[in-house]
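Residue numbers (my numbering): 2 to 307.
Using N, Cα and C, we set each Cβ at its ideal position, and we do this for glycine too.
What follows is a set of notes on a single structure, which appears directly below.
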């Protein structure tokens, strides 16, 4: 009997994109020589006139998408996190200055393992968050990736949706609140400690919470959903019942989600303690993702000890 193959995040994205293509005739897919790796090959087979592979030219992919959006189409640029860096100037000048509705499906976000340090997608939360008009989202599981893609395509302006490599997490399926622009999702509401996790780190945060609960700690768990804009209303509300706010992200600390949260509390003069769990200011070597997480201090056991 063949071993069951669980869908990857790329598989989930690919399937949902094809479904949305049926109901949105203006939806087009753009890739830079990675149709299979990013999962848009299936869309290309189904809608060959609405699929564009520009070759190994990410900057051209982004500018082309900007032109398509300006003409009334809804382009989805499917690209690896580390490769999107090559189109950074175009994201800033061609898409975001004009506030054009281009959806960036940012695959391989976070640690990717054996592809090597050049492929680690650990900077996108930082480099995308600093651009005006950009919206940055990250799903906690496979259901939320589908919901976020649907939300992004039906929204307006530049939107980046980042998700990791590998098997799509299917836990926390009972938590599927409607996606509202700029709003986080409250998973467990308690006191004392609040864990605010981004995307792939929600699974880790859930594990940390369970371990802390066994040791008698009260612990709120929040799925950030949006890295930009920040859910400032939620952040403000947390200060009333919590002494420690912990942010968790699979991105470098510099310019990332945690720094923005810390800055918010500093600006409002809050004395709440903030701990940022993020990746170090370094190029991370290739290797097994679980081992790398432990070495970088973003695994559940290390976070719990901190």
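Inter-residue distance for residue 287 and residue 156 is about 37 Å (C-alpha atoms, whole angstroms). Judged by beta-carbon spacing, residue 139 lies within the 9 Å limit of residue 228, meaning their Cβ atoms are closer than that value.
Excluding its 5 nearest sequence neighbours in each direction, residue 291 has C-beta neighbours in its own chain below 8 Å: 300, listed in chain order. One alpha carbon belongs to residue 11, the other to residue 31, and they sit about 15 Å apart. Judged by their CB atoms, residue 171 and residue 221 are not nearer to each other than the 9 Å cut-off. Contact between residue 108 and residue 77 does not hold, since the beta-carbon distance rounds to 11 Å and is not under 8 Å. Under DSSP, residue 78 shares a beta bridge with 31 and 105. Proximity of the segment 232-251 to the segment 187-203 meets the contact definition, three or more beta-carbon pairs being nearer than 8 Å. Counting the other CB atoms within 10 Å of its CB gives residue 289 a total below 16, which places it among the exposed residues. The alpha-carbon separation between residue 137 and residue 159 amounts to approximately 9 Å. In the DSSP annotation of this structure, the continuous segment of the beta strand (DSSP E) that includes residue 248 starts and ends at 243-253.
With a beta-carbon spacing of about 7 Å, residue 162 and residue 104 fall inside the 8 Å limit used to define contacts. Inter-segment contact for the segment 171-190 and the segment 267-285 is absent: fewer than three beta-carbon pairs are separated by less than 8 Å.
Residue burial is scored here from C-beta neighbours: residue 46 has fewer than 16 other C-beta atoms within 10 angstroms and is therefore classed as exposed. In the DSSP assignment, residue 124 falls outside any alpha helix (DSSP H) and carries neither an H nor an E. For residue 201, the CB contacts under 7 Å within the same chain, skipping 5 residues up- and downstream, are 111, 165 and 251 in chain order.
Considering only 150, 210, 297 and 57, the residue with the shortest C-alpha distance to residue 22 is 150. Nearest neighbour of residue 216 by Cα position, chosen from 6, 306, 92 and 121, turns out to be 306. With contact defined as three or more Cβ pairs closer than 8 Å, the segment 121-133 and the segment 254-264 are in contact. Residue pairing from DSSP places residue 198 in a beta bridge opposite 224 and 249. Distances from the CA of residue 25 to each of 60, 141, 87 and 44 were compared; the closest alpha carbon is that of 44. In this structure, residue 141 lies near residue 204, with their beta-carbon atoms less than 9 Å apart. In the displayed model, residue 69 falls within a helix according to three-state DSSP. In the structure shown, residue 275 falls within a strand segment according to DSSP collapsed to helix, strand and coil. Looking at the DSSP output, residue 163 bridges to 107. In the assembly as shown, residue 17 is a buried residue. Its beta-carbon has 16 or more other beta-carbons within 10 Å. Minimum Cα-Cα distance from residue 35 among the listed residues 101, 74, 15 and 93 corresponds to 15. Residues of the same chain with a CB within less than 6 Å of the CB of residue 123, apart from the 5 flanking positions on each side, are 252, 253 and 280 in chain order.
Distances from the alpha-carbon of residue 285 to those of 167, 238 and 113 put 113 closest. Residue environment: residue 143 is assigned as buried (16 or more neighbouring CB atoms within 10 Å of its CB, all protein chains considered). Nearest in C-alpha terms to residue 75, of all of 134, 153 and 85, is 153. A buried status is given to residue 304, since no fewer than 16 other beta-carbon atoms sit within 10 Å of its beta-carbon. In the structure shown, the three-state DSSP call for residue 179 is coil.
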